[in-house]
Structures are given as C-alpha cells and as structure tokens.
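Reading through the structure tokens given below for one structure.
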Amino acid sequence: MQQTLAIVKPDGVARNLIGEVVARIERNQLAIKAMKMIHMSRAQAEGFYAVHKERPFFKDLTDFMCSGPAVVMILQGENAIARWREMMGATNPADAADGTIRRDFATDIEKNVVHGSDAPETAAFETGYFFSGLERN
Ligand code: IDP
1 MQQTLAIVKP DGVARNLIGE VVARIERNQL AIKAMKMIHM SRAQAEGFYA VHKERPFFKD
61 LTDFMCSGPA VVMILQGENA IARWREMMGA TNPADAADGT IRRDFATDIE KNVVHGSDAP
121 ETAAFETGYF FSGLERN
C-alpha cells in the first residue's frame, strides 16, 4: 500500500471541479485517507514548492497556489503515486493523454487543476507537510 498527496489547485476549486476530481478518484478505487480545504499563505506555498525555487516559474506558481483555497488529500492504494499521476496527465495539458484530468479541464501549463507527488520520497514530505500522523491512518 502506498500513500500520495493530491491537491485540487485554486483554479480547480474556483471552477467547481472538486466533485469531478473526487468522483474520478473514487471511480479509480483510490482510498481518500484524509481531506481538507486550505488557503495557503505565500510562505506555505513557497515551502511546499521549495524544490522548484530556482525555476523561472517559481514566483508565478507560488502566487497562483496562494491565490485561493485548495483541497489537499492523502490517497492510498497499490501503486497510488503512479496511478494518481496517470489520472492527472502530463503537466502541460496540451501533452496530456485523452481522458486525463488535465486534458479534460486544465487551461494551461500552470493552471493545471491538480497536483500529485512524483516519488515515494516526495509523497512522504508532501503528505507530512499538510497532515499529522493522526489524520492519515
Ligand atoms: P507536475 O505538477 O506535473 O509534477 P512540475 O514540473 O513538478 O509538474 O511543476 C510543478 C507545477 O509548476 C506544475 O504543476 C505547474 O503548475 C507549474 N509549472 C511547471 N512548469 C511550468 C512552466 O513552464 N510554466 C509555468 N508553470 C509551470
């Protein structure tokens, strides 16, 4: 069993896509172990995306992530990290496969509706960033 962090980003919440994303997660048999809505501060968004701090899009990305509420979730299942990334689709919606969340709903490479951890180490950091041990078992 593996856990991963999923986020419905501020664009997804603003566009009323929480239910659509949650429905897809449930249809794909990933268990939602924890879920809450948060409006990140700038410092919290910068801490979350610290790995990207040297990237040219860091300022825009962190502005976007603290621009409104987001829904953060811990998903659990066999191979949950890869399965959730497959459901999300490629970072750029133009490159995302048909039927993925980003292909179906994202408007551009930044406002791409959802986030998912990309490896076991990042999943451990990211789930622990938003949830305590008590909230995830
Ligand atoms: P991922 O979310 O598919 O794992 P990453 O490369 O980790 O993609 O990038 C994190 C987030 O940063 C993306 O989901 C997207 O919101 C934003 N991002 C990535 N590349 C660009 C870019 O070239 N321009 C603007 N925003 C970007």
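As numbered in UniProt numbering, residues 1 to 137 make up the sequence shown, in order.
We treat Cβ as the ideally placed atom computed from N, Cα and C, and that holds for glycine.
| Query | Result |
| --- | --- |
| Kindly provide the ranges of any alpha helix (DSSP H) runs that are 4 or more residues long and lie completely inside the UniProt domain "Nucleoside diphosphate kinase-like" (1-135), ordered along the chain. | 10-14, 18-27, 42-48, 58-65, 80-88, 101-105 and 120-130 |
| Using the Cβ count rule (16 or more neighbours within 10 Å means buried), how would you classify residue 133? | exposed |
| Answer with buried or exposed for residue 79, where buried requires no fewer than 16 other C-beta atoms within 10 angstroms of its C-beta. | exposed |
| Candidates 86, 15, 137 and 2: which alpha carbon is nearest residue 71's? | 15 |
| Rounding to the nearest angstrom, what Cα-Cα distance links residue 38 and residue 74 in this structure? | 14 Å |
| Just the C-alpha distance for residue 86 and residue 100, rounded to the nearest angstrom, thanks. | 7 Å |
| Which residue's Cα is closest to the Cα of residue 108: 114, 60, 76 and 93? | 93 |
| In its own chain, which residues sit with a C-beta less than 8 Å from the C-beta of residue 9, not counting the 5 before and 5 after it? | 64, 65, 70, 111, 112, 113, 114 and 115 |
| Going by the C-beta, is residue 110 closer than 7 Å to any heavy atom of the ligand IDP? | yes |
| Quick one: Cα of residue 3 to Cα of residue 25, how far? | 13 Å |
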